[in-house]
Structure formats: C-alpha cells, structure tokens
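Novice:
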Amino acid sequence: SCSHKGLGYKEVSTLFPLQAGAYDFKVIEAGATCDGAGVTTLSPAIVEESKPVAFYLLGDGQTKPTLARFAESRPASPIALSVRYLHAAPNVPARDAGVAASASLPTELLLKVFPSVPFGSVAPPSPGNPTIDANGYTDLTTGGGVTPIGSAAPGTTTVELTIGPDFKTSHAYTVFAVGNPSLPAFPTQLHVCDETASVGILAKCGV
C-alpha cells in the first residue's frame, strides 16, 4: 500500500501488523503515486512472525538513499530497558557510543557500550560486558529515568554528541546519530525513538 502524507526527517512510524512473508518495499515522494520508480526500493523485505522489524531510509540528502532492514529486540526482563545505537549520519566516521557523564557538552564517556559503529550499522553482537544481542541492543537495568548517552571517536572518551533520554523500564529504544556535517541545515545530533510507545501514527521520538 502507499501513504500520501509521508514521513518527515527523523520521523518513524509506529509499529503496524503485517503478515509474515517477503515483501517488496518502495519509498515514494510524499504525494506521488505508487506507479513510478520511487526514491528507492528493498526486495525482499523479510517480515517474520512475532518479531518486530523496522525499515529505515538512510542517505546524505544529496544522492540516492538506501532502505535498510533492522530487526528489533525487547527487554528480557520487566525491570530492564533495551537500547541500541544506529549510526545514520553520513560523512561521519565510525563512532563509539555509550553512557555519558552528562547530557550537556563538554562531557566524557563513562561506559563504552557500542564500539566503533560505522554509518548504516548498529553494533555487532558481543558476549562481553555489557552484552550486545544479535540486533545491536543491550539491556540496561538502571531503573529508568534520564540516562545521558554520548558518542565519541573510537579510542577516545571525549563526547562529540550527547542527549539525555528519559528511559522507561520494559521499553526499547534506538539512539540514532543523524545529520550531515556538509549540510548546515541538518546538523549532526543524537535522536532517540521509543519503539514501544507511539504518538498517533508515529513512534514516540525525542527525549
């Protein structure tokens, strides 16, 4: 099906049900028809039974974007929350991310959780401490509340971007690095979306 309202920059739709299977996904300009070539496509786009999945449009705002599939996780315990870092900021090298000392700059990384994540990716699975699962998430048992998240150049602790999400236990979040340093209208920043909460037809994004 086609949506004519469209999604804006940094907007993420809320989850909606689809029958498990392989789909052909096409991204079109808002207001366009489904008949044209569209902006980009993904085929096959796999949807599995009872496994939430997101499809994100990634690009630099100047060349043809790509549509990428990212499976989602949920917390293993009701007293935990799940968080991952998705590097969606083109022209920015790989970055470490984790818990920062403050949600304001200057600040330092207190705990590196997601090491050297390149553009278009989440952290790979790791059995270390903290553990990262197959979808790039780690479970935090902080009890929720404001937890500063920062990103830094690999091998350093000096945070370049930071944000202070108000996390809730039993929820799942993606922290996006977004923006393009070559486009002043789209500054690089961290952007958080709660995949388990919604505002109308959109996922709840923002701190």
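Here this note's numbering = 1-based position in the sequence shown + 3. Yeah, the Cβ is synthetic: ideal placement off N, Cα and C, and Gly gets one too.
(1) Rounded to whole angstroms, how far is the Cβ of VAL102 from the Cβ of ILE152, which I believe are closer than 8 Å?
(2) With distance defined between alpha-carbon atoms, name the residue in THR66, PRO68, ALA74 and GLN65 nearest to ALA48.
(3) Confirm, please, whether the CB-CB distance from GLY62 to PRO93 is below 8 Å.
(4) With a Cβ-Cβ cutoff of 8 Å, do ASP142 and ALA57 count as a contact?
(5) Alpha carbon to alpha carbon, how far is SER173 from THR199? Give it in angstroms, no decimals.
(6) Return the chain-ordered list of same chain residues with a C-beta closer than 7 Å to the C-beta of THR134, the five sequence neighbours on each side being excluded.
(7) On the CB-based measure, 16 or more other CB atoms within 10 Å of its CB, does THR36 come out buried or exposed?
(8) Helix or strand or just coil, what does DSSP make of CYS37?
(9) According to DSSP, is ARG77 helix, strand or coil?
(10) Rounding to the nearest angstrom, what Cα-Cα distance links ALA71 and PRO127 in this structure?
(11) Please report the distance separating the alpha-carbon of GLU111 from that of PRO81.
(12) Can you have a look at SER6 and say buried or exposed, based on whether 16 or more other CB atoms are within 10 angstroms of its CB?
(13) Considering GLU163, what are the terminal residues of the beta strand (DSSP E) in which it resides?
(14) Along the chain, where does the beta strand (DSSP E) containing ILE152 start, and where does it finish?
(15) Which residues in the same chain have their Cβ closer than 6 Å to the Cβ of ALA137, if we skip the five residues on either side of it in sequence?
(16) Could you name the residues of the same chain whose beta carbon sits closer than 7 Å to that of LEU108, not counting the 5 residues immediately before and after it, in chain order?
(17) Which residues in the same chain as PRO184 place their Cβ atom closer than 7 Å to its Cβ, once the five residues preceding and following it in sequence are excluded?
(18) According to DSSP, is GLU198 part of a helix, a strand, or is it coil?
(19) I'd like to confirm the pairing. Which residues does DSSP put opposite TYR176 in its beta bridges?
(20) For a test of the three-state rule: what should DSSP assign to GLY64, helix, strand or coil?
Specialist: Short version:
(1) What you label residue 102 is simply residue 99 of the sequence shown in a count that begins at 1. What you label residue 152 is simply residue 149 of the sequence shown in a count that begins at 1. Contact between VAL102 and ILE152 holds: their C-beta atoms lie close to 7 Å from each other, under 8 Å.
(2) Taking the sequence shown and counting its residues from 1, one reaches residue 48 at position 45. Looking at the Cα atoms, ALA74 is the closest of the given residues.
(3) Position 90 of the sequence shown holds residue 93. Position 59 of the sequence shown holds residue 62. Yes, the Cβ-Cβ distance between PRO93 and GLY62 is below 8 Å.
(4) Taking the first residue of the sequence shown as 1, we reach residue 142 at position 139. Taking the first residue of the sequence shown as 1, we reach residue 57 at position 54. No, these two residues do not count as a Cβ contact at 8 Å.
(5) Numbered from 1 along the sequence shown, position 196 holds the residue referred to as residue 199. Numbered from 1 along the sequence shown, position 170 holds the residue referred to as residue 173. THR199 and SER173 have their alpha carbons spaced roughly 9 Å apart.
(6) Stepping through the sequence shown from its first residue, residue 134 is reached at position 131. Only residues of its own chain outside the window of five on either side were considered, and among them THR141 have a CB closer than 7 Å to the CB of THR134, listed in chain order.
(7) Taking the sequence shown and counting its residues from 1, the one referred to as residue 36 is at position 33. When all chains shown are included, THR36 counts as exposed.
(8) Taking the sequence shown and counting its residues from 1, one reaches residue 37 at position 34. The three-state secondary structure of CYS37, taken from DSSP, is coil.
(9) As a working mapping, residue 77 is identified with position 74 in the sequence shown. The DSSP-derived three-state label of ARG77 is coil.
(10) Taking the sequence shown and counting its residues from 1, one reaches residue 71 at position 68. Taking the sequence shown and counting its residues from 1, one reaches residue 127 at position 124. Cα atoms of ALA71 and PRO127: separation of roughly 16 Å, rounded to the nearest angstrom.
(11) One-based indexing of the sequence shown puts residue 111 at position 108. One-based indexing of the sequence shown puts residue 81 at position 78. When rounded, the distance between both Cα atoms is 29 Å.
(12) For the purposes of this step, residue 6 is identified with residue 3 of the sequence shown, where counting begins at 1. Because SER6 carries a pLDDT of 49, less than 50, the predicted location of this residue cannot be relied on, and no value is offered for it.
(13) Position 160 of the sequence shown, counting from 1, holds the residue named residue 163. From DSSP, the beta strand (DSSP E) with GLU163 extends over 162 to 166.
(14) By 1-based counting over the sequence shown, the position of residue 152 is 149. Boundaries of the beta strand (DSSP E) harbouring ILE152: 152 to 155, taken from the DSSP string.
(15) Indexing the sequence shown from 1 puts residue 137 at position 134. Cβ within range, chain order: PRO128.
(16) For the purposes of this step, residue 108 is taken as the residue at position 105 of the sequence shown. Cβ neighbours of LEU108 beyond the five flanking positions: VAL162 and THR165.
(17) The count along the sequence shown starts at 1 and reaches residue 184 at position 181. Taken in chain order, the residues that qualify are ASN94, VAL95 and THR191.
(18) Position 195 of the sequence shown, counted from the start, is the residue given in the question as residue 198. Of the three classes helix, strand and coil, the one that applies to GLU198 here is strand, per DSSP.
(19) Residue 176 sits at position 173 when you count from the first residue of the sequence shown. Answer is VAL86 and ASP197.
(20) Within the sequence shown, numbered from 1, the residue matching residue 64 stands at position 61. Judged by DSSP in its simplified three-state form, GLY64 adopts coil rather than helix or strand.
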